[in-house]
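Number of protein chains: 2
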Amino acid sequence: MSDKINNLSVDCVVFGYEDNQLKALLIKRDKEPEANKWSLPGSYVYLDEPIEKAAQRVLLELTGIHDIFLTQVGIFGEVDRYPQHRVISILYCALVRPEMFELLAGSHAKEVSWHEINSLEKLPFDHNQMLDAALNWLKDELWRKPILINLLPEKFPLNQMQELYQLILQNPIDNRNFRKKVISQGLVEKLNEKSKGGQQRPAFLYKLKVPL
Amino acid sequence: MSDKINNLSVDCVVFGYEDNQLKALLIKRDKEPEANKWSLPGSYVYLDEPIEKAAQRVLLELTGIHDIFLTQVGIFGEVDRYPQHRVISILYCALVRPEMFELLAGSHAKEVSWHEINSLEKLPFDHNQMLDAALNWLKDELWRKPILINLLPEKFPLNQMQELYQLILQNPIDNRNFRKKVISQGLVEKLNEKSKGGQQRPAFLYKLKVPL
DNA sequence: CCAAAAGTGTTGTAACTACACCCATGA
DNA sequence: TCATGGGTGTAGTTACAACACTTTTGG
Numbered sequence: 001m002s003d004k005i006n007n008l009s010v011d012c013v014v015f016g017y018e019d020n021q022l023k024a025l026l027i028k029r030d031k032e033p034e035a036n037k038w039s040l041p042g043s044y045v046y047l048d049e050p051i052e053k054a055a056q057r058v059l060l061e062l063t064g065i066h067d068i069f070l071t072q073v074g075i076f077g078e079v080d081r082y083p084q085h086r087v088i089s090i091l092y093c094a095l096v097r098p099e100m101f102e103l104l105a106g107s108h109a110k111e112v113s114w115h116e117i118n119s120l121e122k123l124p125f126d127h128n129q130m131l132d133a134a135l136n137w138l139k140d141e142l143w144r145k146p147i148l149i150n151l152l153p154e155k156f157p158l159n160q161m162q163e164l165y166q167l168i169l170q171n172p173i174d175n176r177n178f179r180k181k182v183i184s185q186g187l188v189e190k191l192n193e194k195s196k197g198g199q200q201r202p203a204f205l206y207k208l209k210v211p212l
Numbered sequence: 001m002s003d004k005i006n007n008l009s010v011d012c013v014v015f016g017y018e019d020n021q022l023k024a025l026l027i028k029r030d031k032e033p034e035a036n037k038w039s040l041p042g043s044y045v046y047l048d049e050p051i052e053k054a055a056q057r058v059l060l061e062l063t064g065i066h067d068i069f070l071t072q073v074g075i076f077g078e079v080d081r082y083p084q085h086r087v088i089s090i091l092y093c094a095l096v097r098p099e100m101f102e103l104l105a106g107s108h109a110k111e112v113s114w115h116e117i118n119s120l121e122k123l124p125f126d127h128n129q130m131l132d133a134a135l136n137w138l139k140d141e142l143w144r145k146p147i148l149i150n151l152l153p154e155k156f157p158l159n160q161m162q163e164l165y166q167l168i169l170q171n172p173i174d175n176r177n178f179r180k181k182v183i184s185q186g187l188v189e190k191l192n193e194k195s196k197g198g199q200q201r202p203a204f205l206y207k208l209k210v211p212l
């Protein structure tokens, strides 16, 4: 492996949906600065490494998550954003189903775990701004592309999808309008299956329709 | 001035509106690689320099344009985008009125001038992709924010504004719908003045309304 | 008076909002 | 049978697209 670029890093916001909560994947930092603090997974880019590859590698090394769909959502380049020296960081965002991966702390991560978005302490550096940027990106994209495909289980009742939308958008949505919209837009496909194990009336299951 | 970051540069797409054409500002490169080719103005970022400041500086040094509103529109980080070594470039875009600035080639620019968007030869490196990215950004933003404020003269007839929209969006717009829209959205304000010097019926002048 | 550009209204459609009740099931 | 979440329809509003003629002026 060649040299790393000292002034360029990638950071990743990985969102997951679990226990009816929207969560982000954080690592506990091993080294100074900010040792033992929870922060976004991130690290340097190598000289001969495409930036997105770097993001994939970093996620794998630090958290065990691999081969997921990543999107660039911003650049963070304040001169003093990192205390030790100038680092410009490129922010990536991904959506995953937590149950799909076994978390595995590695490299400079002491621990990895999912943290509920709304009950986070202050993160180091500019990671709170990064998280905000990622959330805003997510809100923006939500109705444009079927990006939830990696956040929702394969089959789900519509009301669960609605809850997730509400969690992300942070405001309530009218149930009838929501159903009309996702169905008429062809975002989802109704299955001939009903949820089981609920305490009440079973719901029809849907799956996301991905445009060819 | 401190060291430059060898792997990080900024490039700028500056759009201008002149002679009823949408133009981009290009420099003729002084040095290898691609000496004597027209390309986007760009250069390295210094270690202690905020990225946008770098873009402002680079524009001033190369073209004489200064203190304009710049927006980040993308990152170009392909490993081999620049032949000599790895450079990640951050792309900025600006809109200016050509008549407001005197162009002044400096630094590694041999010449500077405005080039009509639709009759450009192939640009070096990935500058064509950058231009496309900037154009797409412009198309996207066009109806969202009054970004034309720096592209149109202070006072203009509505039909000129429409022409500019058509140039950018690359398709025709219905004149009545256009007028209704920009007026009802409060984008423009009608003045008590008419254009002079035209060969036909004078038009009322408008100015852009900037939201507080 | 004529050429050229300025300016003007209506109608249909699609998308969104707001809103309240009955239904099916498991306990 | 009842508590719980699942599921449905209508009406008003707003934004947009399509479309053709009259008006004003300078030459």
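Protein chains in written order, with the UniProt record's numbering: chain A, 1 to 212; chain B, 1 to 212.
Where is the CB? At the ideal position from N, CA and C, for every residue including glycine.
Assigned exposure category for residue i - 16 Cβ within 10 Å defines buried
i         : result
B:Ser-43  : buried
A:Glu-116 : exposed
A:Phe-76  : buried
A:Ala-35  : exposed
B:Asp-126 : buried
A:Arg-144 : exposed
B:Arg-86  : buried
A:Pro-146 : buried
Min CB distance residue i to chain A below 7 Å
i         : result
B:Asp-126 : no
B:Pro-153 : no
B:Pro-202 : no
B:Ile-183 : no
B:Asn-7   : yes
Cβ-based neighbour list, residue i, same chain, cut-off 8 Å, excluding 5 preceding and 5 following
i         : result
A:Pro-98  : Gly-16, Tyr-17, Glu-18, Lys-23, Trp-114
A:Leu-191 : Lys-155, Phe-204, Leu-205, Tyr-206, Lys-207
A:Glu-189 : Tyr-206, Lys-207, Leu-208, Lys-209
A:Ile-168 : Leu-22, Leu-135, Leu-138, Lys-139, Leu-142
A:Gly-64  : Phe-101, Glu-102, Leu-103, Leu-104, Ala-105, Gly-106, Val-112
B:Leu-151 : Phe-15, Gly-16, Tyr-17, Leu-95, Val-96, Arg-97, Leu-164
B:Asn-171 : none
Alpha-carbon to alpha-carbon, residue j and residue i
i                      : j         : result
B:Arg-81               : B:Val-112 : 23 Å
B:Leu-8                : A:Leu-104 : 32 Å
B:Lys-53               : B:His-66  : 11 Å
A:Asn-131              : A:Tyr-165 : Rather than Asn, the amino acid found at residue 131 of chain A in this sequence is Leu. Spanning the two alpha carbons is a distance of roughly 17 Å.
A:Glu-78               : A:Gln-72  : 18 Å
B:Pro-157              : B:Arg-179 : 11 Å
B:Ile-183              : A:Cys-93  : 39 Å
B:Ala-55               : A:Asp-48  : 25 Å
A:Val-13               : B:Glu-61  : 37 Å
residue 248 of chain B : B:Asn-177 : The question about residue 248 of chain B has no answer here: the residues shown for chain B are numbered 1 through 212.
A:Ala-109              : A:Leu-70  : 20 Å
B:Ser-2                : B:Val-45  : 10 Å
B:Val-96               : A:Val-58  : 40 Å
B:Gln-160              : B:Ala-133 : 25 Å
A:Lys-31               : A:Ile-88  : 19 Å
B:Ile-149              : B:Gly-186 : 14 Å
Cβ neighbours of residue i in the same chain (closer than 7 Å, five flanking residues each side left out)
i         : result
B:Glu-163 : Asn-20
A:Leu-26  : Trp-38, Ser-39, Leu-40, Ser-113, His-115
A:Ile-90  : Val-10, Ile-51, Gln-72, Ile-75
A:Ser-119 : none
A:Ile-173 : Gln-162, Tyr-165, Gln-166
Below-7 Å beta-carbon distance, residue i vs any chain B residue
i         : result
A:Ile-168 : no
A:Asn-159 : no
A:Ile-51  : yes
6 Å CB neighbourhood of residue i in its chain, flanking five on each side removed
i         : result
A:Leu-123 : Ser-39
B:Pro-202 : Lys-194, Ser-195
A:Arg-29  : Ala-35, Lys-37, Ser-39
A:Lys-4   : Tyr-44, Tyr-46
A:Pro-83  : Pro-33
Contact test: residue i Cβ vs the ligand NAD heavy atom, cutoff 6 Å
i         : result
A:Pro-146 : Judged by which ligands are present, the structure shown has none, so any question about the ligand NAD falls away.
Taking Cβ-Cβ distances below 9 Å as the criterion, which residues of the segment 67 to 81 of chain B are in contact with chain A?
-> Those would be Gln-72, Gly-74, Ile-75, Gly-77, Glu-78, Val-79, in chain order.
Along the segment 136 to 149 of chain B, what residues have a CB closer than 8 Å to any CB found in chain A?
-> none
In chain order, what residues of the segment 84 to 97 of chain A put their CB closer than 8 Å to some CB of chain B?
-> Arg-86, Ile-88, Ile-90
May I ask you to list, following chain order, the residues of the segment 34 to 48 of chain A that have a beta carbon less than 7 Å from some beta carbon of chain B?
-> Contact annotation: in the segment 34 to 48 of chain A, residues whose CB is within less than 7 Å of a CB in chain B are Leu-47, Asp-48.
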